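First residue of the sequence shown? That's 1 in this note's numbering, and the numbers climb one at a time after it.
Quick reminder that beta carbons are idealized off the backbone N, C-alpha and C, glycines included.
None of these values were measured; they are calculated from a predicted model.
Remarks on the structure that follows.
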Amino acid sequence: MNRRDVFAATLAGGAAALTGMAAPSAIAATPGPVATPNWVTARDGTRLYVRSWGSGAPILFLSGWALSSEMWAYQMAALSERGFRCIAFDRRGHGRSDDPGQGYDYATLGDDVDAVLTALGIDGATVIAHSMSGGEILSYLEKRATAQRVARILFLATTLPCLTAKPDNPAGVPAAAFDQMRQQFYADFPRWIDMNSDSFVVPETSPLMRSWIKDIMLRTSLRAIVDLNRAMTSADFRGELGAVTVPTLFIHGDKDASAPLALTAQPASKLPKQAKLVVYEGAPHGLLVTHIARLNADIEAFAKG
Numbered sequence: 001m002n003r004r005d006v007f008a009a010t011l012a013g014g015a016a017a018l019t020g021m022a023a024p025s026a027i028a029a030t031p032g033p034v035a036t037p038n039w040v041t042a043r044d045g046t047r048l049y050v051r052s053w054g055s056g057a058p059i060l061f062l063s064g065w066a067l068s069s070e071m072w073a074y075q076m077a078a079l080s081e082r083g084f085r086c087i088a089f090d091r092r093g094h095g096r097s098d099d100p101g102q103g104y105d106y107a108t109l110g111d112d113v114d115a116v117l118t119a120l121g122i123d124g125a126t127v128i129a130h131s132m133s134g135g136e137i138l139s140y141l142e143k144r145a146t147a148q149r150v151a152r153i154l155f156l157a158t159t160l161p162c163l164t165a166k167p168d169n170p171a172g173v174p175a176a177a178f179d180q181m182r183q184q185f186y187a188d189f190p191r192w193i194d195m196n197s198d199s200f201v202v203p204e205t206s207p208l209m210r211s212w213i214k215d216i217m218l219r220t221s222l223r224a225i226v227d228l229n230r231a232m233t234s235a236d237f238r239g240e241l242g243a244v245t246v247p248t249l250f251i252h253g254d255k256d257a258s259a260p261l262a263l264t265a266q267p268a269s270k271l272p273k274q275a276k277l278v279v280y281e282g283a284p285h286g287l288l289v290t291h292i293a294r295l296n297a298d299i300e301a302f303a304k305g
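In structure tokens form, the structure reads like this:
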């Protein structure tokens, strides 16, 4: 098995090592985002479940592929006690949010980010985007170049800028390899998670922590899993990254099998106007649970500007 085959077998964008638009359905449109306790209603009527802990400077956490806002528990619990308002929401089709069977594309997901920020009245947020969600914040910014709601962005274990091989991206993975991987999702997604879980964490990670991560993924809509993987693996955000002007930090592990450093954070970090790359030695894709203390300290320092 060559390097590209290994990578394609383990990639899960937002939680790979442990998915494209569906046919539209009739959903009543709403006039704009509406906030109620723990919920924001997006423009197409989809209800998004929101967690907001603490008070102070806002930090918005965007979740990786197949993972809900629960994934940020160890960051939000600590940072909400250190003078920050920590906000995270379940992407449509994930966790407690609605599963409308559509909207699993970056344009809609960017609008969902806007709905949450607008409904909650958030300005000057530090955004922490794990894996595939880097594309969500870039899609948000693409339509709102002058928006003041985002002050800085931390791309964590990113899948940016472009995963698929192209004439000008020869290091990418052939599209056919991703197609083959998605066929495994259709056949037995729980088995696929179990087979690919080891490289998401480190050997010292407890069995209970591993089970907790798998459980979050198993509660995600299979429609969302497949469509978002397709969207993530086919996306090319090189142009959008080059347009980013806010302070930008990339944190990535050099043992990330899901989004290898040389294909993702290294080239991506060269594109924004103000960007820095920090590499965690020995860290995998799930460094948010394997390097909790170090990551929390780096988020806190970055959020303080």
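Taking just the CA atoms, how far does Ile128 sit from Asp99?
-> Walking along the sequence shown from the start, residue 99 turns up at place 99. Walking along the sequence shown from the start, residue 128 turns up at place 128. So the alpha carbons of these two residues sit roughly 24 Å apart.
task: Name the two residues that bound the continuous alpha helix (DSSP H) containing Pro207.
output: Numbered from its first residue, the sequence shown carries residue 207 at position 207. It spans 207 to 218 - the alpha helix (DSSP H) in which Pro207 sits, taken as one unbroken run.
| For Ile292, the three-state DSSP class (helix, strand or coil) | To locate residue 292, count along the sequence shown from 1; it is residue 292. It is helical.
Practice prompt. State the DSSP-derived secondary structure class of Trp65, mapped to helix, strand or coil.
Written response: The residue labelled residue 65 in the question sits at position 65 within the sequence shown. Note: Trp65 maps to coil in three-state DSSP.
Notebook entry, point to check: Assuming Leu277 and Leu287 make a contact with CB atoms under 8 Å, what is their CB distance in whole Å?
Noted result: The sequence position of residue 277 within the sequence shown is 277, counting from 1. The sequence position of residue 287 within the sequence shown is 287, counting from 1. Leu277 to Leu287, Cβ: 14 Å. No contact.
Proximity winner among Ser269, Thr290, Glu281, relative to Phe155 (alpha-carbon distances): For this step, residue 155 is matched to residue 155 along the sequence shown. If we check each option's Cα against that of Phe155, Ser269 comes out closest.
Could you pull the start and end residues of the alpha helix (DSSP H) that Lys143 belongs to? Stepping through the sequence shown from its first residue, residue 143 is reached at position 143. Run containing Lys143: 134 to 143, per the alpha helix (DSSP H) assignment.
Ignoring anything shorter than 3 residues, give me the beta strand (DSSP E) runs that lie fully in the segment 49 to 107, in order along the chain. 57 to 62, 84 to 89, all fully within the segment 49 to 107.
Notebook entry, point to check: How close, in whole Å, do the beta carbons of Gly134 and Thr108 come, if the pair is a contact with beta carbons under 8 Å?
Noted result: Here residue 134 is taken as the residue at index 134 of the sequence shown, counted from 1. Here residue 108 is taken as the residue at index 108 of the sequence shown, counted from 1. Their Cβ separation, rounded to whole angstroms, is 16 Å, which puts Gly134 and Thr108 out of contact at 8 Å.
Practice prompt. For the beta strand (DSSP E) containing Ala262, list its first residue and its last residue.
Written response: Numbered from 1 along the sequence shown, position 262 holds the residue referred to as residue 262. Run containing Ala262: none; DSSP gives neither H nor E here.
### Query
What is the rounded straight-line gap between the Cα of Gly305 and the Cα of Arg82?
Here the question's residue 305 lines up with position 305 in the sequence shown. Here the question's residue 82 lines up with position 82 in the sequence shown. Here the C-alpha atom of Gly305 lies approximately 15 Å from the C-alpha atom of Arg82.
TODO: Taking only the alpha-carbon atoms, compute the straight-line gap between Asp297 and Ala73 and give it to the nearest angstrom.
DONE: Walking along the sequence shown from the start, residue 297 turns up at place 297. Walking along the sequence shown from the start, residue 73 turns up at place 73. Residue identity differs from the one stated: residue 297 is Ala in this sequence, not Asp. Note on geometry: alpha-carbon atoms of Ala297 and Ala73 lie some 15 Å from one another.
- Query: What number of angstroms, rounded off, separates the C-alpha of Ala283 from the C-alpha of Pro167?
  - Reply: Within the sequence shown, residue 283 is the residue found at index 283, counting from 1. Within the sequence shown, residue 167 is the residue found at index 167, counting from 1. Ala283 and Pro167 have their C-alpha atoms some 31 Å from each other.
Open item on the list: Whole angstroms are fine: how far does the CA of Leu228 sit from the CA of Asp111?
Closed with: Taking the sequence shown and counting its residues from 1, one reaches residue 111 at position 111. Taking the sequence shown and counting its residues from 1, one reaches residue 228 at position 228. In a straight line, the C-alpha of Asp111 is about 15 Å away from that of Leu228.
Handout entry: Secondary structure, alpha helix (DSSP H): runs of 4+ residues fully inside the segment 168 to 199
Key = Runs found: 175 to 195.
### Message
Please report the straight-line C-alpha distance between Glu281 and Gly124, rounded to a whole angstrom.
### Response
The residue given as residue 281 occupies position 281 in the sequence shown. The residue given as residue 124 occupies position 124 in the sequence shown. As the crow flies, the alpha-carbon of Glu281 is around 31 Å from that of Gly124.
Worksheet entry | Proximity winner among Leu48, Ser258, Arg51, Leu67, relative to Arg220 (alpha-carbon distances) | As a first step, residue 220 is located in the sequence shown; it is residue number 220 there, counting from the start. The displayed chain sequence assigns Thr, not Arg, to residue 220. Closest in C-alpha terms to Thr220, from the list Leu48, Ser258, Arg51, Leu67, comes Leu67.
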